[in-house]
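Undergrad: Structure in structure tokens, see below.
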Amino acid sequence: MENFINKIKAKNPLIHCITNYVTANDVANALLAIGASPIMADEPEEAYMMSAISNGLVVNLGTLNKHSIEAMKSSLVTANLGGIATVLDPVGVGANKFRTNIANELLKNYKFSVIRGNISEIKALDGLVSQTKGVDANEKDEECEQSKVDLAKSLSQKTNAVVVISGKIDVICYKNRAFICENGDAMMKDITGSGCMLSALIAAFCSVSKDLFEASLKAVVLSGVAGELARKKTDAQNGANASFRNNFIDEIYKMDDEKLEKFARFSEI
Amino acid sequence: MENFINKIKAKNPLIHCITNYVTANDVANALLAIGASPIMADEPEEAYMMSAISNGLVVNLGTLNKHSIEAMKSSLVTANLGGIATVLDPVGVGANKFRTNIANELLKNYKFSVIRGNISEIKALDGLVSQTKGVDANEKDEECEQSKVDLAKSLSQKTNAVVVISGKIDVICYKNRAFICENGDAMMKDITGSGCMLSALIAAFCSVSKDLFEASLKAVVLSGVAGELARKKTDAQNGANASFRNNFIDEIYKMDDEKLEKFARFSEI
Amino acid sequence: MENFINKIKAKNPLIHCITNYVTANDVANALLAIGASPIMADEPEEAYMMSAISNGLVVNLGTLNKHSIEAMKSSLVTANLGGIATVLDPVGVGANKFRTNIANELLKNYKFSVIRGNISEIKALDGLVSQTKGVDANEKDEECEQSKVDLAKSLSQKTNAVVVISGKIDVICYKNRAFICENGDAMMKDITGSGCMLSALIAAFCSVSKDLFEASLKAVVLSGVAGELARKKTDAQNGANASFRNNFIDEIYKMDDEKLEKFARFSEI
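Protein chains in written order, with full-length UniProt numbering: chain S, 1 to 269; chain B, 1 to 269; chain E, 1 to 269.
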């Protein structure tokens, strides 16, 4: 097993995030917690230059607008040229055709190393009819594990990207191989940004490894384990979702590779 | 008394917020805390589609710009057509003529279910000369209760909206009826976003009831009670405004209809 | 010694921040914590009007875009005309030529009272070849104290501004005089926004004094002392960077001039 966290802390990778303003602060603090450096820049005229000096690029569609879309496109050009890891977080894709069209255009023209979303978003990306409800997963889409794995495999084979479906059980898939991860806590869906933070963490993990499949898996495990530990602390404090948010980032900060391995619960399926 | 919180948790309403980037994270977490789903989308070409699938729309003028104003207008069209609750938070209105003109234009052309602001903002909206100072209420405007009630009634009658004036004593008014609510804590004005969060919570409450007046009143009570409970916890932690912000959202999460009724302090005036 | 904190709490100065969306919430809460009122407005058509009624203006290049740059320029015109304190936070300057060009253009055409950045950013501003890495200081630039002081003096003499270089040891310089401040904690670099908050606090301190050099120095001391106290509380809570962020703002809230003087560690160099 690669010592991802040690490697990140040693390399201090610069992760360029073109992301939404709702969770940008949490994403930045989560990246700092793991030992990476966040940079958010979404002016089209400079964003591609930030990607050119970065070790990873996250494209998060949360509060996209025409300007940030241009920044995403030009940044993906330099990121793809430079061969750095690129992560797509298709927030809310499927909710309306504008957002879905943008996601499709990005997928068609640029190379993504990893795509991470909830089941509704991944379904929409895969071109199926989905019941997306805003940015949260629709319960109707929270189906059986096997159908999630099949979906992830389908999208991974079409895009050549690692596909991560977040949910009660996370699915991490590359082409015809898939892992499920059982780490995590129900309160992760009661804060905004747990998905956005995970997408950025995946970019950080991918920036220190050539094995993007394992890197994505371990980032998912990290997020889940941090969620479990944060929940224990939150309950002990008689806190709720806002405390959980802080504890979650704190637990990422306090994680090391040994602790990660100790609490990890994943298996190939 | 309607069981608003139970209803929100059961319905999980989608609340579309065209809001400022300063407090968007807090607004999202407060909505999640009460059991609603937040969606922030302010690209003009897609925002109206988000409103079309939402159960409530919040228009918050905090960090407005020309693009978000277009998003507000088109979203209000679909929200009004769909008959969902619309809440106007006129942040900083009265501070300059640009902001005041936008607010007036919105009021003239679209239907708002609820308008919530501080006394300076509501005074500016009502067309009076106000002493607005940035986004915080001017002390000169913090007048006697009766003049606040008269002001709220005036604006409510002109706009046909429920009018909420936040302050030491909150006023909730619909046409010629008014309640005052004494819940709350002084530290609420020492964090950014307590007003923004309340406006979003009002939208959530209105999304599960036909009685928008009671819904607005109960959302105000919720915010005030959460503030009181958060203050107790903050003091016990030897914390200050940042801790209070987290505790405030936590207390919203932990609230139920029984607790709300137990601590409520409001009366018709 | 001036009683800066008392004065701020008495005056409640309005601080206009044209700042990035990553840390805007923290900046607003830090300003509220010290007793100032934050206003964030970056629409070009209204921003200059906000500066006209403000007591201080912060221009932070974090997530700049073409629109916010226009807002910065027109706001600087009214701020300079009105004679209020203006603070430049050159986030990420040196990372690419777009950002560096903007900073240079601002420096050439407008008057800044204070410029605050890390060593890489200040070096870039001074026209030297710098090794900027995103928004965090490059370790190669973290040189000996004396070279930092020389750099600060050089930029101060060129710009007639107070120059603050944040780092393990902070340097506060005006023309040929310089102080170093040893307050602070290593965890301040593990949260996003500690620099942004300091820049805003400097504006608040400058808004209540004619001695901008002492005001800047004392704001730096405040930030450092708050960092030290926050770290103690964070460790006692077994927390990490997210807890530290909240504790940091809490400690600003709980600070008074006596406590500040008691913990201050600075000296002229």
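Glycine included, C-beta positions come from ideal geometry on N, C-alpha and C.
Using three-state DSSP, classify S:I34 as helix, strand or coil.
TA: helix
Undergrad: Look at S:I15 and S:S37 and say whether their C-beta atoms are less than 8 Å apart.
TA: yes
Undergrad: Starting from S:Y174 and walking both ways along the alpha helix (DSSP H), at which residues does that stretch end?
TA: From DSSP, S:Y174 is part of no alpha helix (DSSP H) but of the beta strand (DSSP E) over 170–174.
Undergrad: Where E:G94 and B:M50 are concerned, what is the direct C-alpha to C-alpha distance, given to the nearest angstrom?
TA: 39 Å
Undergrad: Which class does S:E268 belong to by DSSP, given the choice of helix, strand or coil?
TA: strand
Undergrad: Around the Cβ of E:G224, are there at least 16 other Cβ atoms within 10 angstroms (buried) or fewer (exposed)?
TA: buried
Undergrad: Let me confirm a value: B:V129 is counted as buried when at least 16 other C-beta atoms fall within 10 Å, else exposed. Which label applies?
TA: Note that B:V129 scores 47 on pLDDT, short of 50, meaning its location in the model is unreliable; the coordinates nonetheless yield the value given after this. Per the 10 Å Cβ criterion, exposed.
Undergrad: Quick check on B:S147: buried or exposed, where buried means 16 or more other Cβ atoms within 10 Å of its Cβ?
TA: Exposed, by the Cβ-count rule.
Undergrad: Let's see if you can read the secondary structure: which residues bound the alpha helix (DSSP H) around S:I102?
TA: 97–109
Undergrad: Return the residues of the stretch 20–53 of chain B that lie within a Cβ-Cβ distance of less than 7 Å from chain S, sorted by chain order.
TA: Y21, A24, N25, A28, N29, L32, A33, S37, P38, I39, M40, A41, D42, E43, E45, E46, M49, M50, I53
Undergrad: Does the beta-carbon distance from B:C196 to B:N65 come in below 8 Å?
TA: no
Undergrad: For S:I8, go through chain E and note every residue whose CB falls closer than 8 Å to its CB, in chain order.
TA: The premise fails here: S:I8 is roughly 13 Å from chain E at the closest Cβ pair, so nothing lies under 8 Å.
Undergrad: At least one CB of chain E closer than 8 Å to the CB of B:S130: is that the case?
TA: Only weak support is given to the placement of B:S130: the predicted model assigns it a pLDDT of 48, under 50, and the question is left unresolved by the model.
Undergrad: Buried or exposed, going by whether 16 or more other CB atoms sit within 10 Å of the CB of B:A33?
TA: buried
Undergrad: Check whether the Cβ of B:D190 lies closer than 8 Å to any Cβ atom in chain S.
TA: Interface flag for B:D190 against chain S is unset, since no Cβ pair is found closer than 8 Å.
Undergrad: Would you kindly check if the distance between the Cβ of B:S209 and the Cβ of B:E2 is under 8 Å?
TA: yes
Undergrad: Taking 7 Å as the limit between beta carbons, can you name the residues of its chain near E:N55, skipping five residues before and five after?
TA: P13, L14, I15, I84, S207
Undergrad: Among the candidates E:G184, E:G167, E:Q157, whose CA atom is the shortest distance from the CA of E:Y174?
TA: Of the residues E:G184, E:G167, E:Q157, the one whose Cα lies closest to the Cα of E:Y174 is E:Q157.
Undergrad: Out of E:G184, E:V162, E:K189, E:L107, which has the shortest C-alpha to C-alpha gap to E:N176?
TA: Measuring C-alpha to C-alpha distances from E:N176 to each of E:G184, E:V162, E:K189, E:L107 identifies E:V162 as the nearest.
Undergrad: Could you check whether the stretch 211–219 of chain E touches the stretch 229–243 of chain E, counting it as contact only if at least three pairs of C-beta atoms, one from each stretch, sit closer than 8 Å?
TA: Contact between the stretch 211–219 of chain E and the stretch 229–243 of chain E is absent, because fewer than three Cβ pairs lie under 8 Å.
Undergrad: Taking all protein chains shown into account, do 16 or more other C-beta atoms lie within 10 angstroms of the C-beta of E:E182, making it buried, or fewer, making it exposed?
TA: Counting Cβ neighbours within 10 Å, E:E182 comes out exposed, since fewer than 16 surround it.
Undergrad: For S:N96, which residues in chain B fall below 7 Å Cβ to Cβ?
TA: Residues of chain B passing the Cβ test: E46, M49, M50.
Undergrad: Name the two residues that bound the continuous alpha helix (DSSP H) containing S:F263.
TA: Residues 257–263.
Undergrad: Within 10 Å of its beta-carbon, does S:D250 have 16 or more other beta-carbons around it, so buried, or fewer, so exposed?
TA: By the 10 Å Cβ count, S:D250 comes out buried.
Undergrad: Using a C-beta to C-beta distance shorter than 7 Å, which residues of chain B count as neighbours of S:R99?
TA: E46
Undergrad: May I ask you to report which of helix, strand or coil DSSP gives E:C144?
TA: coil
Undergrad: E:I115 by DSSP, collapsed to three states: which one?
TA: strand
Undergrad: Can you pull the chain E neighbours of S:K254, defined as C-beta to C-beta under 7 Å?
TA: A240
Undergrad: So, B:Y21 versus E:Y21, is the Cβ gap smaller than 8 Å?
TA: Yes, these two residues count as a Cβ contact at 8 Å.
Undergrad: If you draw a straight line from the alpha carbon of B:R99 to that of B:G92, how long is it in whole angstroms?
TA: Roughly 7 Å separates the two Cα atoms.
Undergrad: In this structure, what does DSSP give as the bridge partners for E:I18?
TA: E:V59
Undergrad: For B:V163, report the span of its beta strand (DSSP E) as first-last.
TA: 162–166
Undergrad: State the start and end residues of the unbroken alpha helix (DSSP H) segment that holds B:I249.
TA: 241–254
Undergrad: Residues of chain S with CB closer than 7 Å to the CB of E:S243, please, in chain order.
TA: Ordered by position in chain S, the residues that pass the 7 Å Cβ test against E:S243 are N246, D250.
Undergrad: Can you tell me the Cα-Cα spacing of E:M255 and B:I165, whole angstroms?
TA: Answer to the nearest angstrom: the Cα atoms are 31 Å apart.
Undergrad: Which residues mark the beginning and the end of the alpha helix (DSSP H) in which B:D235 is found?
TA: 212–236
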